[in-house]
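Accompanying notes for the structure given below.
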Amino acid sequence: KTIYENAIEHSWQTYFQLTENLKEELKPRVTSLYKRQGFDDTKLSNEIEKKSAENARYALPISAGTSLYHTISLLTLKRYIAMAQSSDVPYEASLLARNMADEVERVSPGLLSLGEVNFSQPFDSPALTLTGEQMASNERLNKSFDENLGDVCTKLMDFTKNADAQLCSELRNVLGPISTGKSDEQLVDLALNPKQNPYLLSPLNVWHHSPIMRPLQNISYSFLKRISHTADSQEQRHRTLPASRPLLSMRQTYNPDYITPFPITHCNPIGIYKETMNSLWQAKDQLMESGVPPEFSVYVLPNAVSIRYTESGSLLNFMHKWRLRLCFNAQAEIWEHSLGELAQVAAVHPTLVKYIGPPCFFRSGYVKDDKLKGPCPEAVWCGVPVWRNFPQVRRPF
């Protein structure tokens, strides 16, 4: 217990220290970008705090608690109950699912008894122990994965080979006589050019319901990815892009294995950050050596811990993610992944992604520009006219 509590306290102390140090590092850049937008000192302070915390939170333990309102269907609750033991943290997941089930039973007695519901032990739940040899094997697996990945954070591994021809064929099938006399380029523009397809600019997000855009579901891409736990939490919000995420508790290593955000790499806190990472891995190892099961010992690991997996999805669903995550207001690491993914897809299918970019780029020339922030639809503009030169842009923070 002492090892655990000391590790958690150390994480939080580092988080607060990094936040303060990063404020000084980021203040000049944030001030120069936001002052001209009319930000007063209070707004500037809030923006500096926000961007500092975004990077400092890499040091926070993954055990950091949260509270939220969660609305689900009865069917989803039954799935929670059935799959609780298959998660990375079966004890906590089962406890939460049981408490939710108890609350449902309290207000609607007998409702959960309609159909089979049990907390049986599945075949893919985490093991109770992890041997030294198994951890050494994980080191080798990580090394092999990283060698395959190379010097990038995300790598295109597979894609629909004849995507352009396939898309045009499907569009002709969908549109029938409307496609008569149109070239392949004109057909692609009907689906992907915001000037031709008003659905692309609609705030209602009706892409998946549009007949002309459904063929984009049949063009797919697969990427290898190495990403931090904190950025993966953002990635998982894109539920239509499934990934073969590992059981973190079963992929532990002796050596620290983590991501360092750019602002920390290039400023004074790097020494504090590295020391904390080493300390947290040491605490995790001590807990496991003391007999604490992996599912509990991983709670002390930081949000910076590396996650490796393959992610696949359709062009339609990647378009949705890229449009949101290529905005400079997006979390920096997931922005970097999205930029890398788009660049690699552009290398194999340039015609299909030439209109894709952040919201401001997407809208440029098709909506009335704001006097200050141009076509940017965000409440707070990043301060950079990204739409003019994307993708040849440099993120300032």
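All the letters of the sequence shown, read from the start, carry residue numbers 39 to 435 under my numbering. Don't be surprised by glycine CBs; every beta carbon is placed ideally from N, CA and C. Given the structure is predicted, the values throughout are model-derived calculations rather than measurements.
Since residue i contacts residue j with CB under 8 angstroms, what's their CB separation in whole angstroms?
i	j	result
glutamate 209	proline 147	Here residue 209 turns out to be leucine, not glutamate, going by the sequence shown. That pair is no contact at about 54 angstroms.
aspartate 295	valine 343	7 angstroms
tyrosine 347	lysine 263	6 angstroms
serine 217	leucine 225	6 angstroms
proline 280	serine 350	7 angstroms
tryptophan 419	lysine 409	That pair is no contact at about 11 angstroms.
leucine 285	aspartate 126	5 angstroms
valine 424	phenylalanine 400	The Cβ separation is near 11 angstroms, so there is no contact.
glutamine 272	isoleucine 372	5 angstroms
asparagine 235	isoleucine 250	7 angstroms
tyrosine 454	methionine 195	The requested residue 454 does not occur in the structure, where the chain is confined to residues 39 to 435.
leucine 149	leucine 112	7 angstroms
To the nearest angstrom, how far is it from the Cα of residue i to the Cα of residue j?
i	j	result
glutamate 130	tyrosine 337	11 angstroms
methionine 138	leucine 115	8 angstroms
lysine 193	glutamate 379	7 angstroms
phenylalanine 197	serine 328	46 angstroms
isoleucine 265	arginine 283	11 angstroms
arginine 432	leucine 98	28 angstroms
isoleucine 302	isoleucine 308	5 angstroms
histidine 375	lysine 199	22 angstroms
threonine 52	threonine 314	7 angstroms
leucine 230	glutamate 141	47 angstroms
proline 340	glutamine 123	23 angstroms
glutamate 416	glutamate 223	31 angstroms
leucine 71	aspartate 202	40 angstroms
glycine 188	leucine 213	42 angstroms
glutamate 92	asparagine 211	47 angstroms
lysine 359	histidine 387	18 angstroms
lysine 39	glutamine 290	20 angstroms
lysine 89	alanine 368	11 angstroms
serine 175	histidine 246	42 angstroms
serine 317	methionine 326	14 angstroms
glutamate 87	proline 215	56 angstroms
tyrosine 42	aspartate 227	57 angstroms
tyrosine 11	aspartate 78	A query on residue 11 cannot be resolved here, the shown segment of the chain reaching from 39 to 435 and no further.
glycine 76	leucine 106	33 angstroms
Return helix, strand or coil for residue i, following the three-state DSSP convention.
i	result
phenylalanine 356	helix
leucine 262	strand
glutamate 374	helix
proline 249	coil
tyrosine 72	helix
aspartate 78	coil
tyrosine 237	helix
tyrosine 296	strand
alanine 368	coil
aspartate 407	coil
alanine 91	helix
serine 350	strand
alanine 417	coil
isoleucine 41	helix
histidine 48	helix
leucine 286	helix
isoleucine 302	helix
serine 317	helix
serine 402	coil
valine 244	coil
Quick one: what's residue i bridged to in DSSP?
i	result
tyrosine 311	According to DSSP, tyrosine 311 bridges with nothing at all.
threonine 345	The amino acid at residue 345 is misidentified as threonine; the sequence shows isoleucine. DSSP output for isoleucine 345 lists Ile265 as bridge partner(s).
proline 340	Pro99
glycine 412	Asp408
alanine 281	Glu349
What ranges does the beta strand (DSSP E) occupy inside the stretch 158 to 204, keeping only unbroken runs of at least 3 residues that lie completely in it? 192 to 197
Whole alpha helix (DSSP H) elements within the stretch 96 to 144, 4-residue minimum: 112 to 121
Taking only runs of the alpha helix (DSSP H) that begin and end inside the stretch 209 to 238, which ones reach a length of at least 4 residues, in chain order? 222 to 230
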